[in-house]
Amino acid sequence: MTFYEKCLGGYVPQDITLPVIYDGKPVGLLLDGGHGLRDFTSGKCAPDGSLYEGEWNREMVARLLPDCRAIGFDARCLVPEDEDTHISTRAARANKIMADEPDKAWFYLSVHINAAPKESCDKNGWCKKASGVCAYAPKNGTYKLGSALDDSRSMAKTFVDLGRGGFDLAGNRSLPKVGYWEANYTVIYKTKMPAILTESLFMTNPDEVEFLLSEKGKETISSWHIAALCKYFGVPYAHVIG
Ligand SMILES: [Zn+2]
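Yeah, the sequence shown ends on 244 if you go by my numbering, and it's all consecutive.
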């Protein structure tokens with residue numbers, strides 16, 4: 003059993019009775035927990051080793067999956083294995099699903115935690131100055147054109163607006179003029195469907211690490227993702243929590 007499957011606690015995906023529709027098609031949602039477990043991606047962790055990003059990302063995907071399916075998304079875990087599946091493999095895997103199942107409107111959501119650059123951190127690796135959430139859309143590129151690019155941008159903006167607004171997770175990040183962050187990260191750039199990457203706070207900030215490891219923190223971050231998805235696709239959020 004993989005770490006991701008353990009996090010799911012035996013949950014078996016249920017049939018989707020009332021699918022969320024986008025552009026006349028049921029929405030398929032590919033959830034990508036960034037990186038691998040500590041044995042595969044040891045550098046991606048809090049300075050005190052209390053939080054490993056790949057493990058936290060997988061746990062978050064495991065939390066999001068049942069809620070997404072309950073809402074009516076055909077949500078899939080793109081990276082169920084423990085290893086740090088290469089980012090190009092992740093993108094290729096997503097593009098194959100899209101090609102194999104063209105009857106669905108596919109979207110890609112990559113879940114991560116941020117880290118301050120080394121030079122901003124103290125001798126122990128901590129940096130209290132960098133805090134808050136963000137969401138990235140791809141820049142213009144060969145793979146990401148037209149509506150897939152536009153949809154990525156508006157989805158990223160929805161996540162940023164809600165994260166900074168209703169969920170009060172802005173931290174001290176200054177918002178780019180366009181209202182979201184842009185970067186050609188492989189998984190959001192080389193996937194052909196609309197794709198965004200979220201950074202749920204900073205694993206170099208001790209206060210945010212404590213929050214991310216708490217039940218309240220995990221619940222807040224998963225609620226932020228679910229609420230943003232509901233808002234973007236016009237689904238009542240109360241449906242999930244009610
Ligand atoms: Zn990451």
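Just so you know, even glycine gets a beta-carbon here, dropped at the ideal spot from N, CA and C. It should be emphasised that the depicted structure is a prediction, and the values quoted were computed from it without experimental measurement.
Take G143 and list the residues in its own chain whose beta-carbon comes closer than 7 Å to its own, dropping the five residues that flank it on each side.
N186 and Y191
Residue environment, V135, which counts as buried when at least 16 other CB atoms sit within 10 Å
buried
If you count every other CB in all the chains shown that lies within 10 Å of the CB of M3, and 16 or more means buried, which is it?
exposed
Give the range of the beta strand (DSSP E) segment to which N116 is assigned.
A107 to N116
Would L32 and R60 qualify as a contact pair, given that the criterion is a beta-carbon distance under 8 Å?
no
Spatial neighbours of S156 within its chain, please: C-beta separation below 8 Å, excluding the five flanking residues on both sides.
Y234
How many Å lie between G36 and L10 at the Cα?
17 Å
Determine the contact status of P140 and L151, defining contact as a CB-CB distance below 8 Å.
yes
Please state whether DSSP places K194 in a helix, a strand or coil.
coil
From Y239 to A230, what does the alpha carbon distance come to, in whole angstroms?
9 Å
Provide the residue(s) that pair with C136 in DSSP beta bridges, ordered along the chain.
E201
Close Cβ partners of K27 (< 8 Å) along its chain, the five nearest in sequence each way excluded:
Excluding sequence neighbours, K27 sits near D105, K106 and A107.
Compute the Euclidean distance between the alpha carbons of P208 and W128, then round it to the nearest angstrom.
7 Å
List the residues that DSSP assigns as beta-bridge partners of K27.
Y24
Beta-bridge pairing of A77 - partner residues as DSSP gives them
L31
Sequence-distant residues of its chain with Cβ nearer than 7 Å to Q16 (five each side left out)
R71
E7 and G38 closer than 8 Å at C-beta:
no
Got a sec? Which residues, its chain only, sit under 7 Å from I89 by beta carbon, not counting five neighbours each side?
Result list for I89: T188 and V189, in chain order.
Check each candidate in V162, V81, M205 and F204 and name the one with the smallest Cα separation from E184.
V162
Are the beta-carbon atoms belonging to R65 and S224 less than 8 Å from one another?
yes
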